[in-house]
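Engineer: So the sequence shown is numbered by our numbering: it starts at 858 and just counts up by one.
Before I ask anything, here is the structure I am working with.
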Amino acid sequence: MTKKIQSALISVFYKDGLEPIVRQLNKLGVRLISTGGTKTFIESLGISCTGAEELTSYPSILGGRVKTLHPSIFGGILGRREEAKDLEEMKQYQIPEIDLVIVDLYPFQETVANTKEEKAIIEKIDIGGPSMIRAAAKNFSHVAVIADKKDYSYLEQLLITQEGELTMAQRKELAAKAFEVVAGYDLATTSNAFA
């Protein structure tokens, strides 16, 4: 079953390599939703973008620790499009469907390599990123997920050649890669954060 991408949530620490995907999504008429620096980056390209805070009615709070951890975001990612009850609740609570999630993780390993300051290390333990990646990967039946910028060019080619439609097999493949990324991140955190 193919799924046409109509909305994308993009929240990345590193913006390099992102521009061609953003431009292609915009060309396809995809609604872009983003946070903080990524939203600023997208808008600097002259492309319209909905801020996550417009969906959640909350600004980024607690020093940036809480931006996307909200039912309006996670409901949009996890909502099952074949379940009437899910769709009813999404409509009731004005939760938009999110079809594509592009998220990378805070540079935890780079931080550990560059400092021994515990506070700096702790702040680079990503919470929202892994949560969004796992949610999107879990709901691969309806959502595509990119958790590694190495997959940007692959996604860009799919967007171009398939005009924004991804097959179930492609979404499943991306989900498996996403779970690997989060597993590796968790392992790095376990090995380094509490040494």
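Heads up, the beta-carbon is just placed ideally off N, CA and C, and yes, glycines get one too.
The structure presented is a predicted model; accordingly, all values stated were derived computationally and were not measured.
Check this for me: beta carbons of E1020 and I878, under 8 Å apart or not?
Structural biologist: The answer is no: Cβ separation not under 8 Å.
Engineer: Secondary structure at K896, three-state DSSP: helix, strand or coil?
Structural biologist: Three-state DSSP puts K896 in a helix.
Engineer: Following the continuous beta strand (DSSP E) through L866, name the residue where it begins and the one where it ends.
Structural biologist: From DSSP, the beta strand (DSSP E) with L866 extends over S864 to S868.
Engineer: So, at 8 Å on beta carbons, what are the nonlocal neighbours of N996 in its own chain, with the 5 sequence-adjacent residues on each side left out?
Structural biologist: For N996, where only same-chain residues beyond five positions count, the Cβ hits under 8 Å are I934, L935, G936 and R937.
Engineer: By the three-class DSSP mapping on this structure, what secondary structure does S891 have?
Structural biologist: Of the three classes helix, strand and coil, the one that applies to S891 here is strand, per DSSP.
Engineer: Drop a sphere of 10 angstroms on the beta-carbon of P916, count the other beta-carbons inside from all chains shown, and report buried for 16 or more, exposed for fewer.
Structural biologist: Exposed: under 16 other Cβ atoms inside 10 Å.
Engineer: Let's test the definition: count the other Cβ atoms within 10 Å of the Cβ of D961 and tell me whether it reaches 16, buried, or not, exposed.
Structural biologist: With 16 or more other Cβ atoms within 10 Å, it is buried.
Engineer: Might you give, ordered along the chain, the residues of its own chain that have their beta carbon closer than 6 Å to the beta carbon of L912, omitting 5 neighbours on each side?
Structural biologist: Within the same chain, L912 has close Cβ partners S929.
Engineer: Mapping the DSSP letters down to three states, classify T1046 as helix, strand or coil.
Structural biologist: Note: T1046 maps to helix in three-state DSSP.
Engineer: Buried or exposed: L1044, going by 16 or more other Cβ atoms within 10 Å of its Cβ?
Structural biologist: Flag for L1044 reads exposed.
Engineer: Taking CB distances under 8 Å as the criterion, tell me whether F1036 reaches chain B.
Structural biologist: Included in the structure is just one protein chain, with no chain B present.
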